[in-house]
Ligand code: 9D3
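Residue numbers (the working numbering): 3 to 256.
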């Protein structure tokens, strides 16, 4: 999957490209990131990329021309590869990213690629959004300093779904399960630490009982910590029973 990134700070992306599964996916060319810096298309001795907002007020707005030229370069590179990428503007005004959207993008855009537009300052000129942006994407309701970290979040989330990126046992399909439910608790050696024991069922060797225990933990944790997620889940009778049992104080599954 080809991803063009329009950013004033391409160096930030080494945090993503130099480490772990994403670093490996890049060196294996399962994903290709190409950067386009509006600064390289800015004019004058100062190579300005921002200016004061019409109407006044604090902060600066990214100039449309350097940004638009960088975007055109990205489109030209995509065209050379016979790609027709969507342009996604990382923006606090966008729809909040969810795992379902990540999956959709992988399915829809894997063949055609994506161009991610990272804003700085107060954002970009609205006319560029109207003219060139297909979708706006936020990663959540908190204020960051620009679109680079959100773009890295998106690339990380997308890359995990590409064929061959995750090994056995850490399949993205299995993770989609944990996109619905919160995860169960995990334990490793030693079996006893500071007087705290690993739950006996995990040492029992009874795989069916382990699976049942883990599923019940996922359900109970989701119900107590993220009840908002339950509205999207159709509960089985057993799952409903676990939740109602916990609500009246039982944690023994009875
Ligand atoms: C006065 C209003 N500004 C706050 C200082 C609005 C504002 C402008 C620019 C808020 C954030 C940003 C920079 N953020 C992003 O570019 C961004 C972002 C985010 O801040 N949170 C979650 N997702 C995203 S995607 C892009």
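Even for Gly, the Cβ is constructed at its ideal location relative to N, Cα and C.
Every value quoted in this text rests on a predicted model; they were computed, and no experiment measured them.
**Request:** Using DSSP bridges, identify the partner residues of residue 116.
**Result:** Working through the chain shown from its first residue, we reach residue 116 at position 114. Beta-bridge pairing links residue 116 to 5, 88.
**Item:** Proximity test, residue 5 beta-carbon vs ligand 1 heavy atom, cut-off 7 Å
**Value:** Here residue 5 refers to the residue found at position 3 of the chain shown. The answer is no for residue 5.
**Beta-carbon proximity list for residue 164, same chain, < 8 Å, skipping 5 on both sides** = Here residue 164 refers to the residue found at position 162 when the chain shown is read from its first residue. Within the same chain, residue 164 has close Cβ partners 3, 27, 32, 33, 108, 112.
**Item:** With 16 other Cβ atoms within 10 Å as the buried cut-off, status of residue 98
**Value:** Numbered from its first residue, the chain shown carries residue 98 at position 96. It is exposed - the Cβ of residue 98 has fewer than 16 other Cβ atoms within 10 Å.
**Prompt:** Got a sec, what are the start and stop residues for the alpha helix (DSSP H) residue 132 sits in?
**Reply:** Numbered from 1 along the chain shown, position 130 holds the residue referred to as residue 132. 128-134 is the extent of the alpha helix (DSSP H) around residue 132.
**Request:** Answer with buried or exposed for residue 52, where buried requires no fewer than 16 other C-beta atoms within 10 angstroms of its C-beta.
**Result:** Working through the chain shown from its first residue, we reach residue 52 at position 50. So residue 52 ends up on the buried side.
**Message:** Under 7 Å: does the beta carbon of residue 128 sit that close to some heavy atom of ligand 1?
**Reply:** Along the chain shown, one-based indexing puts residue 128 at 126. Incorrect: residue 128 has no Cβ contact closer than 7 Å to ligand 1.
**Asked** Does the pairing of the segment 145-156 with the segment 37-45 give three or more beta-carbon distances under 8 Å?
**Response** By the criterion of at least three beta-carbon pairs nearer than 8 Å, the segment 145-156 is not in contact with the segment 37-45.
**Item:** For residue 194: DSSP bridge partner residues
**Value:** As a first step, residue 194 must be located in the chain shown, where it is residue number 192. In DSSP, residue 194 forms a bridge with 199.
**Item:** residue 54 versus residue 36: straight-line alpha-carbon distance, rounded
**Value:** By one-based count along the chain shown, residue 54 stands at place 52. By one-based count along the chain shown, residue 36 stands at place 34. Taking the straight line joining both Cα atoms gives about 29 Å.
**Message:** If I measure Cβ to Cβ from residue 245 and keep anything under 6 Å in the same chain, skipping five residues before and after, which residues do I get?
**Reply:** Taking the first residue of the chain shown as 1, we reach residue 245 at position 243. Counting only Cβ-Cβ distances below 6 Å, and skipping sequence neighbours, we find 225.
**Request:** Indicate, with yes or no, if ligand 1 has a heavy atom lying under 7 Å from the CB of residue 94.
**Result:** Sequence index remark: in the chain shown, residue 94 carries index 92 (1-based). Yes, the Cβ of residue 94 comes within 7 Å of a heavy atom of ligand 1.
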